[in-house]
Amino acid sequence: MMNVAVILSAYNGETYLREQIDSILTQSYQNFKLYIRDDGSQDQTRKILQDYEEKDARVTVFCGENVGCIHSFLLAAKDVDADIYLFSDQDDIWMKEKIAWAVTYFEQQDSSIPQLYHSDLCVVDSRMQKLHDSFMSYQGLDAADAMQKKTLFIQNFVVGCSMAVNKCLLERLFIKGIPEDIAMHDWWMALIARTQGQMYFDSRATLFYRQHERNVLGAQKRSLATYIRALVSGQGIKRFVKFRSLAAAQAESFLKTYQAYLTPEYQSDLKAVCSLGEKQGLTGVYRCFSSGIYLQGICRNLALIYAAFCDYLLCFKHR
1 MMNVAVILSA
11 YNGETYLREQ
21 IDSILTQSYQ
31 NFKLYIRDDG
41 SQDQTRKILQ
51 DYEEKDARVT
61 VFCGENVGCI
71 HSFLLAAKDV
81 DADIYLFSDQ
91 DDIWMKEKIA
101 WAVTYFEQQD
111 SSIPQLYHSD
121 LCVVDSRMQK
131 LHDSFMSYQG
141 LDAADAMQKK
151 TLFIQNFVVG
161 CSMAVNKCLL
171 ERLFIKGIPE
181 DIAMHDWWMA
191 LIARTQGQMY
201 FDSRATLFYR
211 QHERNVLGAQ
221 KRSLATYIRA
231 LVSGQGIKRF
241 VKFRSLAAAQ
251 AESFLKTYQA
261 YLTPEYQSDL
271 KAVCSLGEKQ
281 GLTGVYRCFS
291 SGIYLQGICR
301 NLALIYAAFC
311 DYLLCFKHR
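Per full-length UniProt numbering, numbering of the sequence shown is gapless, rising by one per residue and ending at 319.
So this is what it looks like as structure tokens:
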């Protein structure tokens, strides 16, 4: 039987935390331990966590200073030993078979290479009223299609709270300590699986993803009008500048960390993404597209080109 570790990072999560933890502790698959790191909460989160730790031997709580969502997850996972690692947000509700479905996948896979499993999610509001059966459809994403292409180099479609990874992947994650310049921990781990191992998408929703005002990223329904409004308001250009900076820094750090494990083609793809960080972002977009690296959906790519062009004009104007 596989040993499972569930990693949860909490920060000021008193509102929904109990429901989430209860949904984990009542899973159909019971051979797991729950490791929770409190990221410097100022509300009743720590007390809630300590109560669970006292009454359930499967729960281990770490309390630390506020380092942000990404590094909090990494610190919580770094010294945990298990066969499989699942990652949990503090405000969702897991379906009863969530761990069991992940375990079934890993039992049939090669444990000597990095393996990543992720799934769809059911989107609900703060009162658990259903907004959409499929997070992927809600976001205009096709994970199964994206995994066959180079999308992941420039756009993340793996949702951390739906994700499970094997021990080999986690060891590869920390091969040089805690990585720097990570845009998101789930994106980084997905890149490891994409370039050095194997990924699998389960089209079943394995949890209820709660959409509320305090989500770190959240699920937002996208449409052509959404992109037009963002571009006209100028927000699209600001997002592009931030996006290209994050994507380029992550690609550069990833390439530096794992160069010995990457094929020449993957190294070339990552260098194309690195070029997004150059002064003229339009050049970086051209290099990515020339390498077959696209965002999912025509609207996203057109918005990216338009924002890059406007950014180019602004740079040209200030010469």
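The beta-carbon is built from N, C-alpha and C at its ideal position, and this holds for glycine as well.
Query: So, with DSSP's three-state summary, where would you put residue 307?; Result: helix
Query: So the alpha helix (DSSP H) residue 282 belongs to, where does it begin and stop?; Result: 281 to 290
Query: Buried or exposed for residue 284, please, with buried defined as at least 16 other CB atoms from any protein chain shown within 10 angstroms of its CB.; Result: buried
Query: Quick check: what's the CA-CA separation for residue 31 versus residue 100?; Result: 10 Å
Query: Look up residue 13 in the DSSP assignment and say whether it is helix, strand or coil.; Result: coil
Query: Counting only the same chain and skipping the five closest in sequence on each side, list residues whose C-beta sits under 8 Å from that of residue 62.; Result: 35, 36, 37, 38, 75, 76
Query: What did DSSP end up calling residue 322 once you bin it into helix, strand or coil?; Result: Nothing can be reported for residue 322: it is not among the residues displayed for the chain, which extend from 1 to 319.
Query: Would DSSP call residue 212 helix, strand or coil?; Result: coil
Query: Run the CB neighbour count on residue 106, radius 10 Å, all protein chains shown included, and call it buried at 16 or more, exposed below.; Result: buried
Query: Could you give the first and the last residue of the continuous alpha helix (DSSP H) run that contains residue 87?; Result: It is not in any alpha helix (DSSP H) - residue 87 instead sits in the beta strand (DSSP E) that spans 84 to 88.
Query: Looking only at its chain, what residues have a beta carbon closer than 7 Å to the beta carbon of residue 208, apart from the 5 residues adjacent to it on each side?; Result: 92, 93, 122, 124, 128
Query: Quick one: Cα of residue 213 to Cα of residue 126, how far?; Result: 9 Å
Query: Count the other C-beta atoms from every protein chain shown that fall within 10 angstroms of the C-beta of residue 4, then say buried if there are 16 or more, exposed otherwise.; Result: buried
Query: Within 10 Å of its beta-carbon, does residue 110 have 16 or more other beta-carbons around it, so buried, or fewer, so exposed?; Result: exposed
Query: Relative to the C-alpha of residue 140, which residue among 153, 17, 120 is closest?; Result: 120
Query: Please confirm whether residue 293 and residue 150 have their CB atoms less than 8 Å apart.; Result: yes
Query: Under the assumption that residue 276 contacts residue 307 (Cβ atoms under 8 Å), give the Cβ distance between them as a whole number of angstroms.; Result: Contact doesn't hold; Cβ gap of about 12 Å is too wide.
Query: Which residue marks the beginning of the alpha helix (DSSP H) containing residue 122, and which one marks its end?; Result: Note, residue 122: premise wrong, no alpha helix (DSSP H); beta strand (DSSP E) at 115 to 124.
Query: In the structure shown, what three-state DSSP assignment does residue 3 receive?; Result: coil
Query: On the premise that residue 7 lies in contact with residue 134, defined as a C-beta separation below 8 Å, what is that separation, rounded to the nearest angstrom?; Result: In fact, because the Cβ distance is near 25 Å, the residues do not count as touching under 8 Å.
Query: Name, in chain order, the residues that DSSP records as bridge partners for residue 35.; Result: 7, 60
Query: What separation, rounded to the nearest whole angstrom, lies between the Cα atoms of residue 54 and residue 162?; Result: 27 Å
Query: Where residue 12 and residue 265 are concerned, what is the direct C-alpha to C-alpha distance, given to the nearest angstrom?; Result: 43 Å
Query: Using DSSP bridges, identify the partner residues of residue 94.; Result: 207
Query: Throw me the rounded Cβ distance for the residue 296 and residue 155 pair, which I believe falls under 8 Å.; Result: 6 Å
Query: Strictly by DSSP, which residues pair up with residue 200?; Result: 117
Query: Give every residue of the same chain whose Cβ lies closer than 7 Å to the Cβ of residue 182, excluding the five residues on either side of it in the sequence, and list them in chain order.; Result: 70, 188, 250
Query: Counting along the chain, where does the beta strand (DSSP E) carrying residue 164 start and finish?; Result: 164 to 166
Query: So, are the CB atoms of residue 20 and residue 96 less than 8 Å apart?; Result: no
Query: According to DSSP, is residue 256 helix, strand or coil?; Result: helix
Query: Can you pull the DSSP bridge partners for residue 40?; Result: None, per the DSSP bridge assignment.
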